[in-house]
Amino acid sequence: MQNNMEKQTKFKVLLVDDEEIFREATARQLRVRGFTVLTADGGEAALELVQSDPPEVVLLDQEMPGMHGSETFAAIKEINPLIEVIMLTGNTSVDNALELMKLGTFDYLMKPVNIEELLYKIEDAHARKQLIERRQRSGSTTP
Amino acid sequence: MRVWDMRLLQDDLPAEKRRSEHLYDYADSEENRRRVNQHFDKLQRGLIIGLIIGFLLPNALLAAYFHYQFTHTLRSSAILNLQTVADNQKNSLDLYLRERIGNLYNLLLSPGFALAPTKAAMNDYLRILTNFHDGFIDVGLINPKGVQIGYAGASPELLGKDYSDTPWLQQLLKEDKHHIVSDSYLGSRQNAEFTMAVRHTFAGKVYVLRATLDPDKLYMLLRSTVHGGSVESALVNANGQYQVVDPKTGNATDRGPFVPPLTQSVAIHEQDIDETSTLIAYTWLKEAPWALLVTQPLSVAQSGMHQARLILTVSLISISLLFCIIIFFTIRKLTNDARRMADKGRQLQEMLAHASKLASIGELAAGVAHEINNPLAIIMATSGVIRDMFNPAFDLDNSTEALYKELTVIDNAATRAKGITKKLQEMGKTRMPQTEPCEINTQVETVVNRLKKVEFKGKAIEVELALSPDLPPILAECERLRQVFNNILVNAADAIQDKGVITITTGIQDGMVAITIADTGRGIPQKNLERIFHPFFTTKGGSLGTGLGLSIAASIVKHLGGVIKVNSVVGKGSTFTILLPTNFYCPLH
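Put into structure tokens, the structure is as follows:
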């Protein structure tokens, strides 16, 4: 079962957060569960990674100095609309997060994040991405 | 407690206002409401009184003016009318009398007039006279001795009467006049009558032909020439006795209302008769020693005006009343509307104040949540890591050292969260603990020296001090004051990229102690300028800033009754000016 899970979840995740300790602790948890985890400390660094080494799913902190989470999200979608984005928010206000979901984020999670919940969301996001990709492929092969 | 106040940015508020203003205070609002109500009551009263006076006064003046003019004109025209009537009547009377005198003359000088007439001849003469005019009552001839030697008429006993003593005969003979008209007198049958006599000299002897006439005929003549019933005419003699008069007014030989002075033309006299103001036009007759009085009560002369005045007064009053009512209701409606608007405005203001307070609280809560959630997220993630270390499936290093390392991370995060709550508490403090006179310059120097060792390290920051030597001390917690300077200076240092100057100036400004901290840093954009004092507003990333520094500084300064002003130019630097009211007066100074 462990092998099965590892096999299923072997894909690339990008974690963007300005809080280094949180970022690294979360990345370590994800890595031991078989994910390939890229990390970035801000929007600019994240966009570079999206271009050079595109991940399947992005975990994106909303409140960041410099480039704000929502701006970063928009920029990611511009580079690659297929990448799924899950917002992380430390704010109790969910209005902004809901607004962003309308714009196309997969979901949002409130900090502090429960690791199990985070895993489910990442997998769901990945599943949706694969579904969309498959649909696009079949759409393009049978015109 | 209010942690943030937009007014901190405003330069032009007077000092006492800054300290006394509240966002919302029930008692304050009641007082305000009362004041506004009073203002509107006053306004309404003023408007109503003003408009009513402004409308009524000119109206009344105009009405009074027209009334005066109208009265004057009416009086003038009444006088003119009376004078015309008097003139006409005088002419008629003179003509009448002249005709009667002519009748007598013609008779006396007629050929064949017998100077010793028989009774039949006298009767003939009387018939001739009455043929001319039926006003003749009798006729008599008086010889040069004054004895009536011929008579015809209703009183035959007058034949042979000696007239030499009668005033009219004496006057006729003495004054060299050829004719005379006597005053009225009561005749033998108690009827008013008057005598008319003419004289002529026959062969050196003077004979007088006299006749008695009925004054009623004169009265009829007067009546026939009067236009309208309101005018009354009468004749009086030089003694003021009635000669011819309306029987309703008086009897012949009664005294009339007034003895007219001798005048040539028609004159006007005004007198009260029977308590009625009366206009009298008078003139003297040519042929008789009588004056014609034409009277008309003033009230009759002005009766047209009375009606006009009544209409004028009634309409003026009713129009004025109507206008007063319209003015009153219009103004009441207008002021009520204005009052309602003001009330709404005030409510809106209160709601806004309340909303901004709530927003401030909301902002605080959001900031707290974010700042607390970040360390919590670290704690949770790290505890997850530790849990993973003990999961055999992951085969991780779970040595004591590794475990300790993770636990230290958790401790640090918890300490960070504690720091935030502690700072929040500090900000919320409203108590006034031990205060002492603090020398501002000393505090500034202490803070600068401390910062030079820690915060300013690693940057080429030059600190220039321009401290005024004789500043009054400020009664406060010195540590709090140092915190204010510290927080602003830390920001100033952060604003400076690598190299810059911070200038600290102290002095007196508007009677307050002023501490100015100017940096040559990157400056604050306009959109942020309004928010820099908001708790948790920060532009410093990650764990560098809590966003509480300036809001704590503002809170402390506000507590001391002071104010922080900000001036900033992006790219040039920012200037923070702290103004503190002097609250300590040293008896030695």
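Just so you know, the sequences run in chain order S and W. Our numbering numbers the first residue of the first sequence as 1 and each following residue consecutively. Our numbering numbers the first residue of the second sequence as 1001 and each following residue consecutively. Idealized CB from N, CA, C, for every residue including glycine.
When DSSP labels each residue in this structure, what does residue i get in the three-state scheme?
{"i": "Met64 of chain S", "result": "coil"}
{"i": "Thr1503 of chain W", "result": "strand"}
{"i": "Tyr1242 of chain W", "result": "strand"}
{"i": "Gln1271 of chain W", "result": "strand"}
{"i": "Gly1547 of chain W", "result": "coil"}
{"i": "Ala1397 of chain W", "result": "Correcting the residue type first, residue 1397 of chain W is Asp in the shown sequence and not Ala. Coil."}
{"i": "Glu1175 of chain W", "result": "coil"}
{"i": "Gln950 of chain W", "result": "Only positions 1001 to 1589 of chain W appear in this structure, which leaves residue 950 of chain W out of reach."}
{"i": "Gln2 of chain S", "result": "For Gln2 of chain S, the pLDDT reaches just 44, beneath the cut-off of 50, and the residue's location in the model is therefore unreliable, although a value from the coordinates is still provided. It is helical."}
{"i": "Ile1496 of chain W", "result": "coil"}
{"i": "Gln1296 of chain W", "result": "strand"}
{"i": "His126 of chain S", "result": "helix"}
{"i": "Arg1210 of chain W", "result": "strand"}
{"i": "Gly1112 of chain W", "result": "coil"}
{"i": "Lys1205 of chain W", "result": "strand"}
{"i": "Glu1406 of chain W", "result": "helix"}
{"i": "Gln1190 of chain W", "result": "coil"}
{"i": "Ser1277 of chain W", "result": "strand"}
{"i": "Gln1302 of chain W", "result": "coil"}
{"i": "Glu1350 of chain W", "result": "helix"}
{"i": "Thr36 of chain S", "result": "strand"}
{"i": "Tyr1163 of chain W", "result": "coil"}
{"i": "Asp107 of chain S", "result": "strand"}
{"i": "Ala1288 of chain W", "result": "coil"}
{"i": "Ala1252 of chain W", "result": "coil"}
Would you mind giving the Cβ-Cβ distance between residue i and residue j, rounded to the nearest angstrom? I have them listed as a contact below 8 Å.
{"i": "Val1231 of chain W", "j": "Leu1082 of chain W", "result": "7 Å"}
{"i": "Gly1521 of chain W", "j": "Ala1495 of chain W", "result": "3 Å"}
{"i": "Asp1138 of chain W", "j": "Tyr1151 of chain W", "result": "7 Å"}
{"i": "Asp1094 of chain W", "j": "Leu1285 of chain W", "result": "6 Å"}
{"i": "Lys1205 of chain W", "j": "Pro1144 of chain W", "result": "4 Å"}
{"i": "Leu1550 of chain W", "j": "Ile1532 of chain W", "result": "5 Å"}
{"i": "Asp1470 of chain W", "j": "Gly1500 of chain W", "result": "Their Cβ separation, rounded to whole angstroms, is 30 Å, which puts Asp1470 of chain W and Gly1500 of chain W out of contact at 8 Å."}
Are residue i and residue j close, meaning C-beta to C-beta below 9 Å?
{"i": "Ala1402 of chain W", "j": "Ile1379 of chain W", "result": "no"}
{"i": "Leu1141 of chain W", "j": "Ile1128 of chain W", "result": "no"}
{"i": "Phe106 of chain S", "j": "Val57 of chain S", "result": "yes"}
{"i": "Lys10 of chain S", "j": "Ala1377 of chain W", "result": "no"}
{"i": "Ile1517 of chain W", "j": "Leu1481 of chain W", "result": "no"}
{"i": "Leu1221 of chain W", "j": "Ala1234 of chain W", "result": "no"}
{"i": "Ile1372 of chain W", "j": "Ile1410 of chain W", "result": "no"}
{"i": "Leu1209 of chain W", "j": "Leu1074 of chain W", "result": "no"}
{"i": "Leu1560 of chain W", "j": "Ala1476 of chain W", "result": "yes"}
{"i": "Gln1089 of chain W", "j": "Thr1225 of chain W", "result": "yes"}
{"i": "Leu1312 of chain W", "j": "Phe1066 of chain W", "result": "yes"}
{"i": "Arg1098 of chain W", "j": "Leu1213 of chain W", "result": "no"}
{"i": "Lys1453 of chain W", "j": "Leu1548 of chain W", "result": "no"}
Quick one: residues in its chain with C-beta nearer than 8 Å to the C-beta of residue i, no 5 flanking neighbours on either side, listed in chain order?
{"i": "Pro1289 of chain W", "result": "Val1181, Asp1183, Asn1237, Ala1238"}
{"i": "Lys121 of chain S", "result": "Ile86, Phe106, Asp107, Leu109"}
{"i": "Thr1276 of chain W", "result": "Pro1297, Leu1298, Ser1299"}
{"i": "Glu19 of chain S", "result": "Asp61"}
{"i": "Arg31 of chain S", "result": "Val37"}
What first and last residue would you give for the beta strand (DSSP E) that runs through residue i?
{"i": "Gly1573 of chain W", "result": "1573-1581"}
{"i": "Thr1516 of chain W", "result": "1512-1519"}
{"i": "Asn1567 of chain W", "result": "1563-1569"}
{"i": "Ile1180 of chain W", "result": "1179-1186"}
{"i": "Gln29 of chain S", "result": "Careful: Gln29 of chain S lies outside any beta strand (DSSP E), inside the alpha helix (DSSP H) at 20-32."}
{"i": "Asn1237 of chain W", "result": "1232-1237"}
{"i": "Gly1150 of chain W", "result": "1148-1152"}
{"i": "Ile1474 of chain W", "result": "1474-1476"}
{"i": "Lys1217 of chain W", "result": "Run containing Lys1217 of chain W: none in the beta strand (DSSP E); it sits in the alpha helix (DSSP H), 1215-1225."}
Going by beta carbon distance, what residues of the same chain come within less than 6 Å of residue i, once the five residues before and after it are set aside?
{"i": "Asp1087 of chain W", "result": "Val1266"}
Here's a check: name, in chain order, each residue in its chain whose Cβ is nearer than 7 Å to the Cβ of residue i, leaving out the five neighbours to either side.
{"i": "Arg1255 of chain W", "result": "Gly1240, Gln1241"}
{"i": "Met90 of chain S", "result": "The sequence shown places Gly at residue 90 of chain S, not Met. The answer, listed in chain order, is Glu63, Lys111."}
{"i": "Arg1309 of chain W", "result": "His1067"}
Taking the alpha helix (DSSP H) that residue i falls in, what are its first and last residues?
{"i": "Gly1523 of chain W", "result": "Here Gly1523 of chain W belongs to no alpha helix (DSSP H), and DSSP marks it neither H nor E."}
{"i": "Glu1445 of chain W", "result": "1440-1453"}
{"i": "Ile79 of chain S", "result": "69-79"}
{"i": "Asp50 of chain S", "result": "What sits at residue 50 of chain S in the sequence shown is Val, not Asp. Taken as a continuous stretch (DSSP letters only), the alpha helix (DSSP H) holding Val50 of chain S covers 43-52."}
{"i": "Leu1141 of chain W", "result": "Leu1141 of chain W -> not in any alpha helix (DSSP H); beta strand (DSSP E) instead, spanning 1136-1142."}
{"i": "Ala1460 of chain W", "result": "Ala1460 of chain W -> not in any alpha helix (DSSP H); beta strand (DSSP E) instead, spanning 1460-1466."}
{"i": "Lys1119 of chain W", "result": "1119-1132"}
{"i": "Leu88 of chain S", "result": "Note, Leu88 of chain S: premise wrong, no alpha helix (DSSP H); beta strand (DSSP E) at 84-89."}
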